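Visitor: Just add 90 to wherever you are in the sequence shown, counting from 1, and you've got my numbering. Cβ atoms here follow ideal geometry from the backbone N, Cα and C, with glycine treated the same way. Owing to the predicted nature of the structure, the values given are computational and were not obtained by experimental measurement.
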Amino acid sequence: MNQPNSGGADAPFGRFFLPGPTEVHPDVLAAQSRPMISHRGAGIQVLMRELDEGLQAAFLTKRHVYLSTSSATGLMEAAILNSGRRRVLALVNGAFSGRFAKIGRACGLEVDEYEVPWGEAHDPEELRKRLSSGDYGTVTVVHSETSTGVLNDIRSLAAVVREQDDVIIMVDSVSGFSAAEVRTDEWGLDFLLTGSQKALALPPGVAFGVASDRMLRRSAESTGKGFYFDLEQFESNAEKYQSPSTPALSVMFALQVQLKRILSEGLEARWARHTAMAERTYAWVDEMRDAGVALEVVAPEGYRSPAVTAVRVPEGVAAPDIVKAMGARGWVIGGGYGKLKPTSIRIGHMGEHTVEELDALLAELTEVVR
Ligand SMILES: *Cc1c(COP(=O)(O)O)cnc(C)c1O
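1) Any idea which residues DSSP pairs methionine 260 with across the strands?
2) Using a Cβ-Cβ cutoff of less than 7 angstroms, which residues in the same chain neighbour alanine 531 once the five nearest sequence positions on both sides are dropped?
3) Only counting the same chain, and skipping five residues up and downstream in sequence, which positions put a Cβ closer than 8 angstroms to that of asparagine 95?
4) Taking Cβ positions, are leucine 353 and alanine 211 nearer each other than 8 angstroms?
5) Rounded to whole angstroms, what is the Cα-Cα separation between asparagine 92 and alanine 120?
6) Measuring from the CB of glycine 285, is there a heavy atom of ligand 1 at a distance below 7 angstroms?
7) Which residue wins for smallest C-alpha separation from isoleucine 127, given the options Asn327, Asp117, Met138?
8) Which term fits arginine 379, buried or exposed, when burial requires 16 or more other beta carbons within 10 angstroms of its beta carbon?
9) Would a C-beta distance cut-off of 8 angstroms place alanine 248 and glycine 278 closer than the cut-off?
10) By Cβ distance below 8 angstroms, which residues in the same chain neighbour alanine 108 in space, the five residues on each side in sequence not counted?
11) Give me the Cβ distance between arginine 176 and threonine 228, rounded to the nearest whole Å; I'm assuming they're in contact under 8 angstroms.
12) Could you pull out every residue in the same chain whose Cβ sits closer than 8 angstroms to the Cβ of arginine 189, ignoring the five residues on either side in sequence?
13) Quick test of your reading: threonine 112 and glycine 441, contact by CB under 8 angstroms. State the CB separation rounded to the nearest angstrom.
14) On the premise that phenylalanine 343 lies in contact with glutamine 122, defined as a C-beta separation below 8 angstroms, what is that separation, rounded to the nearest angstrom?
15) State the beta-bridge partners of tyrosine 156 as determined by DSSP.
16) When the Cα of phenylalanine 319 is compared with those of Leu349, Glu405, Pro214, Ser173, which residue comes out closest?
17) Give the DSSP bridge partners of leucine 200, in chain order.
18) If you measure between the beta carbons of glycine 285 and alanine 297, is that distance less than 8 angstroms?
19) With a threshold of 8 angstroms, are at least 3 pairs of Cβ atoms found where one atom belongs to the segment 218-226 and the other to the segment 235-242?
20) Can you list, in chain order, the residues of its chain whose CB lies under 6 angstroms from that of valine 201, leaving out five sequence neighbours each side?
21) Let's see if you can read the secondary structure: which residues bound the beta strand (DSSP E) around glycine 437?
22) Which of helix, strand or coil does DSSP assign to arginine 177?
23) State the DSSP-derived secondary structure class of phenylalanine 319, mapped to helix, strand or coil.
24) CA-CA distance, leucine 283 and leucine 306?
25) In the structure shown, what three-state DSSP assignment does glutamate 391 receive?
26) Go ahead and label proline 116 buried or exposed: buried means 16 or more other beta carbons lie within 10 angstroms of its beta carbon, across all protein chains shown.
27) When the Cα of glutamate 369 is compared with those of Pro293, Ala397, Leu357, Leu345, which residue comes out closest?
28) Given phenylalanine 149, which residues of its chain have a CB within under 6 angstroms of its CB, disregarding the five upstream and five downstream residues?
29) Glutamate 391 to serine 161, Cα distance in whole Å?
30) Can you tell me the Cα-Cα spacing of serine 340 and proline 334, whole angstroms?
31) Quick check: what's the CA-CA separation for leucine 292 versus valine 114?
32) Kindly examine ligand 1 and report whether one of its heavy atoms sits closer than 7 angstroms to the Cβ of lysine 288.
33) Quick one: is phenylalanine 103 buried, meaning 16 or more other Cβ sit within 10 Å of its Cβ, or exposed?
34) Kindly indicate which residue of Ala362, Gly209, Tyr204 has the alpha-carbon position closest to the one of arginine 470.
35) With distance defined between alpha-carbon atoms, name the residue in Val272, Ser234, Lys330 nearest to glycine 133.
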């Protein structure tokens, strides 16, 4: 029997609005049932070349896009391990950006935080000030903070980093990627990483990353970077369209189908669809407020992620009860994350969802919050 709040096999498509994992289109799911192929044969090279070319179009890069058989956190750790052990300035504004700082310390690096309160974005001016000390070799930042729904202005933050001679910027766009504009080469990003199970709407199990020349030079000078997450190995294998170890073949079959879907929709159309869903959500919050239900979008205007919206619930209302009530009606939304759990809910309007499906969700949610 399907649990009421779990989605699952007998749930109709279009009711699963978790901010990751997200709902996977049936054609993409079905691709995973293809038989295995050898990960050392000619077939894998044909497949990996096709995937690389599709991913290059999505990442807006001429460089190889690495596939890592790990969740996205694996590539966050790879970024840190290949950064040359310089002092890190971690831009922290929520749970996932905080994780980047934790990974840095866990790998034995010196990490300082440029921290702003949860629900706020980072200021390029302030970043410039902090970098002018000359203390830092690496900046970490999260594009779309999935815990709060805040979108950082990666283009401006990266431009500030580029003013420095020898500082690299490593960007986690796990929930942002393919929902919000991000231009790897044009914006000068040294490492851009994402996961499969957020806006890319694939099953979990694979993460993607692109490294600049600067990043690969740092990798070459990195000591103690271990074996599995050595980016020089990723690069030399990518050049041959091979994988250093057995990759998650089934997710790659799914990716092959999903890339075709994404590129036939068009990257800019995909961004626009996400923006339309996000704006519909803000409009709904306003409608609810006009009707006397004091909801509030956590992220400030101008810094809102098109992939996920965290909504503060009225005082005296327990946010987890709303999530539960939606579950009982057969709809899945996200609970608040970490310290926002008691006071907020999260709507993951990302991946394959449409404004029409979102409207149906919001109609249901209206009845629940009233
Ligand atoms: C989900 C998420 C992660 C972690 O991804 P995993 O695939 O679970 O390791 C990291 N950063 C952000 C912004 C995320 O949304």
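Guide: On the basis of the data shown:
1) In the sequence shown, counting from the first residue as 1, residue 260 sits at position 170. Bridge partners of methionine 260: Thr230, Phe281.
2) Beyond the ends of the chain as shown, which are 91 and 460, falls residue 531; an answer cannot be given.
3) As a working mapping, residue 95 is identified with position 5 in the sequence shown. Note on asparagine 95: pLDDT 49, under 50, position unreliable in the model; the coordinate value appears next. If the five residues before and after asparagine 95 are omitted, its C-beta is found closer than 8 angstroms to the C-beta atoms of Val413, Lys414, Met416, Gly417, Ala418, Val422, all from its own chain and listed in chain order.
4) Your numbering for residue 353 matches position 263 in the sequence shown. Your numbering for residue 211 matches position 121 in the sequence shown. For leucine 353 and alanine 211, no; Cβs fall outside 8 angstroms.
5) Within the sequence shown, the letter at position 2 stands for residue 92. Within the sequence shown, the letter at position 30 stands for residue 120. Bear in mind that a pLDDT of 41 at asparagine 92, under 50, signals an unreliable position, so the model cannot answer this.
6) As a position in the sequence shown, residue 285 is number 195, starting the count at 1. Yes; taking the cut-off as 7 angstroms, the Cβ of glycine 285 has a heavy atom of ligand 1 nearer than that.
7) Position 37 of the sequence shown, counted from the start, is the residue given in the question as residue 127. For the set Asn327, Asp117, Met138, the Cα lying nearest the Cα of isoleucine 127 is the one of Met138.
8) By one-based count along the sequence shown, residue 379 stands at place 289. Exposed.
9) Start at 1 with the first residue of the sequence shown, and residue 248 comes out as number 158. Start at 1 with the first residue of the sequence shown, and residue 278 comes out as number 188. Going by C-beta atoms, alanine 248 is nearer than 8 angstroms to glycine 278.
10) Locating residue 108 in the sequence shown gives position 18, where the first residue counts as 1. Checking the sequence, you will find leucine at residue 108 rather than alanine. In chain order, Gly97, Val422, Ile423, Gly424, Gly438 place their CB closer than 8 angstroms to the CB of leucine 108, counting only its own chain and leaving out the 5 sequence neighbours on each side.
11) For the purposes of this step, residue 176 is taken as the residue at position 86 of the sequence shown. For the purposes of this step, residue 228 is taken as the residue at position 138 of the sequence shown. With a Cβ gap of about 5 angstroms, arginine 176 and threonine 228 count as contacting.
12) Numbered from its first residue, the sequence shown carries residue 189 at position 99. Counting only Cβ-Cβ distances below 8 angstroms, and skipping sequence neighbours, we find Thr163, Met166.
13) As a first step, residue 112 must be located in the sequence shown, where it is residue number 22. As a first step, residue 441 must be located in the sequence shown, where it is residue number 351. That pair is a contact at about 4 angstroms.
14) One-based indexing of the sequence shown puts residue 122 at position 32. One-based indexing of the sequence shown puts residue 343 at position 253. Correct: roughly 6 angstroms between the Cβ atoms.
15) The sequence position of residue 156 within the sequence shown is 66, counting from 1. Under DSSP, the beta-bridge partners assigned to tyrosine 156 are Gly299.
16) Stepping through the sequence shown from its first residue, residue 319 is reached at position 229. When only C-alpha atoms are compared, the closest one is Ser173.
17) By 1-based counting over the sequence shown, the position of residue 200 is 110. It should be noted that the sequence gives glutamate, not leucine, for residue 200. Its beta-bridge partners do not exist; DSSP assigns none.
18) Position 195 of the sequence shown, counted from the first residue, corresponds to residue 285. Position 207 of the sequence shown, counted from the first residue, corresponds to residue 297. In terms of Cβ geometry, glycine 285 and alanine 297 form a close pair [threshold 8 angstroms].
19) No contact exists between the segment 218-226 and the segment 235-242.
20) To locate residue 201, count along the sequence shown from 1; it is residue 111. Excluding sequence neighbours, valine 201 sits near Val178, Ala180, Ala191, Gly194, Arg195.
21) By 1-based counting over the sequence shown, the position of residue 437 is 347. Reading off the sequence shown, one finds isoleucine at residue 437, where the question assumed glycine. Isoleucine 437 -> beta strand (DSSP E) spans 434-438.
22) For the purposes of this step, residue 177 is taken as residue 87 along the sequence shown, with counting starting at 1. Looking at arginine 177 - three-state DSSP - the assignment turns out to be coil, as it is neither helix nor strand.
23) Taking the sequence shown and counting its residues from 1, the one referred to as residue 319 is at position 229. Residue state, collapsed to three classes: coil.
24) As a first step, residue 283 must be located in the sequence shown, where it is residue number 193. As a first step, residue 306 must be located in the sequence shown, where it is residue number 216. Those two C-alpha atoms are separated by around 15 angstroms.
25) Locating residue 391 in the sequence shown gives position 301, counting from the first residue. Here glutamate 391 sits in coil by DSSP.
26) For the purposes of this step, residue 116 is taken as the residue at position 26 of the sequence shown. By the neighbour-count definition (other C-beta atoms within 10 Å, threshold 16), proline 116 is an exposed residue.
27) Here residue 369 corresponds to residue number 279 of the sequence shown, with the count starting at 1. Sorting Pro293, Ala397, Leu357, Leu345 by C-alpha distance to the C-alpha of glutamate 369 places Ala397 at the top.
28) Taking the first residue of the sequence shown as position 1, residue 149 is located at position 59. Contacts found: Val155, Thr274, Val300.
29) Taking the first residue of the sequence shown as position 1, residue 391 is located at position 301. Taking the first residue of the sequence shown as position 1, residue 161 is located at position 71. Each residue's Cα considered, the two are about 31 angstroms apart.
30) Numbered from 1 along the sequence shown, position 250 holds the residue referred to as residue 340. Numbered from 1 along the sequence shown, position 244 holds the residue referred to as residue 334. Looking at the two C-alpha atoms, the distance is approximately 17 angstroms.
31) Walking along the sequence shown from the start, residue 292 turns up at place 202. Walking along the sequence shown from the start, residue 114 turns up at place 24. Straight-line Cα distance between these residues: approximately 6 angstroms.
32) Locating residue 288 in the sequence shown gives position 198, counting from the first residue. Here the distance from the Cβ of lysine 288 to the nearest heavy atom of ligand 1 is below 7 angstroms.
33) Within the sequence shown, the letter at position 13 stands for residue 103. Residue burial is scored here from C-beta neighbours: phenylalanine 103 has fewer than 16 other C-beta atoms within 10 angstroms and is therefore classed as exposed.
34) Because the chain here runs from 91 to 460, residue 470 falls outside it and cannot be looked at.
35) Here residue 133 refers to the residue found at position 43 of the sequence shown. Glycine 133 has its Cα closest to that of Lys330, out of Val272, Ser234, Lys330.
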